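Asker: Read in the numbering used here, the sequence shown has 48 at position 28, and its numbers run on one by one without any break. From the three backbone atoms N, C-alpha and C, an ideal C-beta is built for every residue, glycine too. In this text the structure is predicted, and so the values were computed from the model without any measurement.
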Amino acid sequence: MENYGKFRVVARAVKHFGDAGQQVYRPTYRILDHIGEEIDAGEGAIDFGDVTSAYNEAFAMGRERLRELTSAIQ
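1. Is DSSP giving GLU57 helix, strand or coil here?
2. Could you tell me the distance, in whole angstroms, from the CA atom of ALA78 to the CA atom of GLY41?
3. Helix, strand or coil: which one does DSSP assign to GLY62?
4. Give the DSSP bridge partners of LEU52, in chain order.
5. Rounding to the nearest angstrom, what Cα-Cα distance links ASP67 and LEU86 in this structure?
6. Going straight from the alpha carbon of VAL71 to that of TYR49, what length do you get?
7. Please return the same chain residues whose Cβ sits closer than 7 Å to the Cβ of MET21, not counting the five positions on each side in sequence.
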């Protein structure tokens with residue numbers, strides 16, 4: 021998790037099965053405020069074959085979105 025003032029990013033790699041039946045991971049993130057309430061969430065459009073790549077992508081997406089949100093607030 022990464023903090024930007026009162027907010028934090030929670031990244032996940034969600035397992036599901038691709039079109040060919042193979043196991044893949046989809047990146048998702050949530051942005052939470054200081055009391056744990058969700059203020060934003062998103063899901064990637066690309067599936068990854070490994071959990072680490074999906075997690076890293078989710079975290080990067082969440083950090084970028086949080087930067088956008090915090091710059092709009094300031």
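Answerer: Taking the coordinates as given:
1. Taking the first residue of the sequence shown as position 1, residue 57 is located at position 37. Three-state result, GLU57: coil.
2. Residue numbering aside, residue 78 sits at position 58 when the sequence shown is read from its first letter. Residue numbering aside, residue 41 sits at position 21 when the sequence shown is read from its first letter. Straight across, the Cα-Cα distance linking ALA78 with GLY41 is about 22 Å.
3. For the purposes of this step, residue 62 is taken as residue 42 along the sequence shown, with counting starting at 1. In this structure, GLY62 counts as strand in the three-state DSSP scheme.
4. To locate residue 52, count along the sequence shown from 1; it is residue 32. ARG28 and GLU58.
5. In the sequence shown, residue 67 corresponds to position 47, counting from 1. In the sequence shown, residue 86 corresponds to position 66, counting from 1. Each residue's Cα considered, the two are about 22 Å apart.
6. As a position in the sequence shown, residue 71 is number 51, starting the count at 1. As a position in the sequence shown, residue 49 is number 29, starting the count at 1. Rounded to the nearest angstrom, the gap between the Cα atoms of VAL71 and TYR49 is 14 Å.
7. Your numbering for residue 21 matches position 1 in the sequence shown. In this predicted model, MET21 has a pLDDT of only 48, less than 50, meaning its place in the structure is not dependable; the value taken from the coordinates is given anyway. Once the five neighbours on either side are set aside, the close Cβ partners of MET21 are ARG28, VAL29 and VAL30.
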